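Protein chains: 2
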Amino acid sequence: MAVYTDVGDEELKAFVAGYDIGDVVSCKGIAEGVENSNYLLGTESGNYILTLYEKRVSPADLPFFIGLMEHLAAQGIACPTPVKDRQGVALRQLCGRPAALVTFLEGMWPRRILPHHCAGLGGAMGAMHQAGASFAMTRPNNLSVSGWRVLFEACRPRTHEVKAGLAEELETELRSLEAAWPAGLPIGVIHADLFPDNVFFRGDQVSGLIDFYFACTDFLAYDLAVCLNAWCFEVDGSFNVTKARLMVAAYRAVRPIGPDELAALPVLARGSALRFLLTRLYDRLNHPEGALVKPKDPLEYLQKLRFHRSVTRPGDYGIE
Amino acid sequence: MAVYTDVGDEELKAFVAGYDIGDVVSCKGIAEGVENSNYLLGTESGNYILTLYEKRVSPADLPFFIGLMEHLAAQGIACPTPVKDRQGVALRQLCGRPAALVTFLEGMWPRRILPHHCAGLGGAMGAMHQAGASFAMTRPNNLSVSGWRVLFEACRPRTHEVKAGLAEELETELRSLEAAWPAGLPIGVIHADLFPDNVFFRGDQVSGLIDFYFACTDFLAYDLAVCLNAWCFEVDGSFNVTKARLMVAAYRAVRPIGPDELAALPVLARGSALRFLLTRLYDRLNHPEGALVKPKDPLEYLQKLRFHRSVTRPGDYGIE
């Protein structure tokens, strides 16, 4: 939950006057999204999401994110579409922060993941990867293997506060991944954070994908690996092969997965688990006093990481 | 900001199916309101606010709050109107908590208070008091003078952590107010928490009052005293007599203020300042680790309390 910047009514009125969307009718801070301040803005022409980009999002990356949403929407992917002001500009300033207005997406994210959600996710992810193939901009994934080392070193001296022996386990894991990290897999635009709260459904159907603020250029199969972690484990830590199978089958129906990508899934899944473990660990150790966001449990991802270490072939995920 | 209970999509669907308002289109937790969990719910028939009542609201009081909103709305006061389900019931259960759906109110609360806002507030408060006169239910104000003593005793041992000497000043103040607290003033339903974030405006006009969860039966003039504190001080602590004069004049145009009420305003304003000082002090001292709500500054109200102690007659507020 997060609203970091309180937007005044007068500032908002002046901001909205720059668009051709009618007057402000209502504006409510949304208790969702960890990185930015989000408002549900009602105007005479409908509902929008107003986002103020806070310090965790680099302003230099914003043209990539805005451009990507515009590109995907133009390709028919259901995602928030940046609204341009009367001058044709989508990325503006509000309360001293970069700000953008995007279209409102109907639907709700699933709190309890059922197998059909995983199928829906797989199809939507495949379509997004296909649509992204014609997107011209690139952005490196700074939360991939080289970034993990930096994060780990920042956490290492205090890692024992979270769990005894964790630093040693992470050091071994990181060395192993640095050595085993694949090369030469198909690359493209990935979402990189397709957790359930970023995938909206209406009824059984995906109604859209949101929150592209970790999107980057990386192995397409890495997005699948993120989703194996985020969608296919049960609350008790067990891995649900039915969900994984449905997700991958629906993905493949849109974009074929090569044998090299399939073979790399276990190591990509280990890497993805380490990525979320490390960012959660960092946030836990650096949680500011009085922060409005409750840090998530890093150890959930230690359990997932250990599971992936035990995987010897994609068949262990239910995928052939 | 507050969303304490995360409502699942399946639970929500089942809940909404009990109403004649169409299917759920979207549902977003709102980062407003301190006491309850609030969601902006979009359905096929429009927007609603879904409130789950958390532990600070006593379930026994809910029929009073719901009944009051129904009564005021029926009298033409712009406020959230409880929506009844197919069985005619407004107060239901969701996620193990009492829950109600109310109509969505357009408008925004003013971040920077201008004099015309105070005039709008005064008129709306007067109309609410008049409309409340025919409301049959009553609820004692448990945050009036007898409640302050309880709060103070709970805080006293640790009050010095906030400010040296504060316990002594509060003890003296409380004794003085217990002795001087008026009796026999006109009584009725008051809002008791009419801070700017509970008063919505569209353009220059009040579009509605929200958050009736401190409403109770008490001196009508006590509501005015709360608003002198909440609306008429500048950020630098100075008292703005223009704002007070406009607020009271607009109120009087709807409901006359008796000379006894006018004479009691300084002591009521002191009491109201002490009430918010004590609840903020309590929240500051009992702020749970990892809480999502940032406690407000109790000392802002110490400054206001001292100002009111210096007031000898209503004329010092700009009111004659």
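If you read the sequences in order, they're chains V and A. Take the first sequence: its letter number 68 is residue 68 in the working numbering, and every next letter is one higher. Take the second sequence: its letter number 277 is residue 277 in the working numbering, and every next letter is one higher. Every residue gets a Cβ at the ideal spot worked out from N, C-alpha and C, and that includes glycine. All of these numbers come straight from a predicted model, not from anything done at the bench.
Exposure of residue i, with buried meaning 16 or more beta-carbon neighbours within 10 Å
i: Met108(A); result: buried
i: Arg275(V); result: buried
i: Val7(V); result: buried
i: Leu94(A); result: buried
i: Val89(V); result: exposed
i: Met137(V); result: exposed
i: Ala14(V); result: exposed
i: Pro82(A); result: buried
i: Gly315(V); result: exposed
i: Arg313(V); result: exposed
i: Val25(V); result: buried
i: Asn229(V); result: buried
i: Gly184(V); result: exposed
i: Ala192(A); result: buried
i: Met1(V); result: A caution first: Met1(V) carries a pLDDT of 40, below 50, which makes its placement in the model unreliable, though a value can still be read off. The residue in question, Met1(V), is buried, as its Cβ has 16 or more Cβ neighbours within 10 Å.
i: Lys304(V); result: buried
i: Asp218(A); result: buried
i: Gly126(A); result: buried
i: Pro259(A); result: exposed
i: Glu10(V); result: exposed
i: Thr242(V); result: exposed
i: Arg97(A); result: buried
i: Pro266(V); result: buried
i: Ala124(A); result: buried
i: Val369(V); result: Any property of residue 369(V) remains undetermined from this structure, which presents chain V solely from 1 to 320.
Any C-beta of chain V under 9 Å from that of residue i
i: Met1(A); result: Residue confidence for Met1(A) is low, a pLDDT of 40 falling below 50, so the modelled location carries little weight and cannot support an answer.
i: Cys79(A); result: no
i: Pro298(A); result: no
i: Asp236(A); result: no
i: Leu12(A); result: yes
Nearest neighbour of residue i, chosen from the options [CA to CA]
i: Val150(A); options: Leu281(A), Glu300(A), Pro298(A); result: Leu281(A)
i: Glu161(A); options: Tyr317(A), Leu143(A), Asn286(A); result: Asn286(A)
i: Leu268(A); options: Arg252(A), Pro256(A), Tyr317(A); result: Tyr317(A)
i: Arg328(V); options: Gly120(V), Arg270(V), Tyr53(V), Cys27(V); result: One cannot answer for residue 328(V) here, as it falls past the ends of chain V, which runs 1 to 320.
i: Glu171(V); options: Ile21(V), Pro196(V), Val145(V); result: Val145(V)
i: Asp197(V); options: Leu209(V), Val248(V), Pro59(V); result: Leu209(V)
i: Val248(A); options: Leu166(A), Glu234(A), His117(A); result: His117(A)
i: Phe60(V); options: Val16(V), Pro140(V), Cys232(V); result: Checking the sequence shown, residue 60(V) turns out to be Ala, not Phe. With distances taken between Cα atoms, Ala60(V) lies closest to Pro140(V).
i: Gly188(A); options: Gln130(A), Gly237(A), Glu169(A), Val235(A); result: Gln130(A)
i: Leu277(V); options: Leu299(V), Ala264(V), Pro295(V); result: Leu299(V)
i: Leu72(A); options: Arg309(A), Ile190(A), Tyr19(A); result: Ile190(A)
i: Arg92(A); options: Ile113(A), Pro63(A), Ala119(A); result: Pro63(A)
i: Glu54(A); options: Ser238(A), Glu35(A), Leu68(A); result: Glu35(A)
i: Leu224(A); options: Asp283(A), Ala264(A), Glu44(A), Ile30(A); result: Ala264(A)
i: Ile66(V); options: Glu169(V), Asp85(V), Val102(V); result: Val102(V)
i: Glu153(A); options: Tyr222(A), Ala167(A), Glu234(A); result: Ala167(A)
i: Ser37(V); options: Gln87(V), Asp211(V), Gly237(V), Pro182(V); result: Asp211(V)
i: Gly18(V); options: Glu70(V), Arg284(V), Thr43(V), Arg111(V); result: Thr43(V)
Residues that DSSP places opposite residue i in a beta bridge
i: Gln93(V); result: Pro98(V)
i: Val206(V); result: Phe201(V)
i: Lys28(V); result: Leu40(V)
i: Cys216(V); result: Ile190(V)
i: Tyr48(V); result: Leu41(V), Thr103(V)
i: Phe233(A); result: Phe239(A)
i: Met108(A); result: Phe201(A)
i: Pro182(A); result: Per DSSP, none; premise fails for Pro182(A).
i: Pro314(A); result: Note: Pro314(A) sits in no beta bridge, so no partner.
Closer than 9 Å to chain A by CB, residue i
i: Pro259(V); result: no
i: Leu274(V); result: no
i: Glu169(V); result: no
i: Val7(V); result: yes
The region 195–217 of chain A: which residues have C-beta closer than 7 Å to a C-beta of chain V, in chain order?
-> none
Relative to chain V, which residues along the region 40–70 of chain A have a C-beta separation below 8 Å, given in chain order?
-> Leu40, Gly42, Asn47
Can you list, in chain order, the residues of the region 24–38 of chain A whose Cβ is nearer than 8 Å to any Cβ on chain V?
-> Val24, Val25, Ser26, Cys27, Lys28, Gly29, Ile30, Ala31, Glu32
Members of the region 144–165 of chain A that neighbour chain V once the beta carbon cut-off is set at 8 Å = none
Can you give me, in chain order, the residues of the region 98–121 of chain V that have a beta carbon less than 7 Å from any beta carbon in chain A?
-> Glu106, Gly107, Met108, Pro110, Arg111, Arg112
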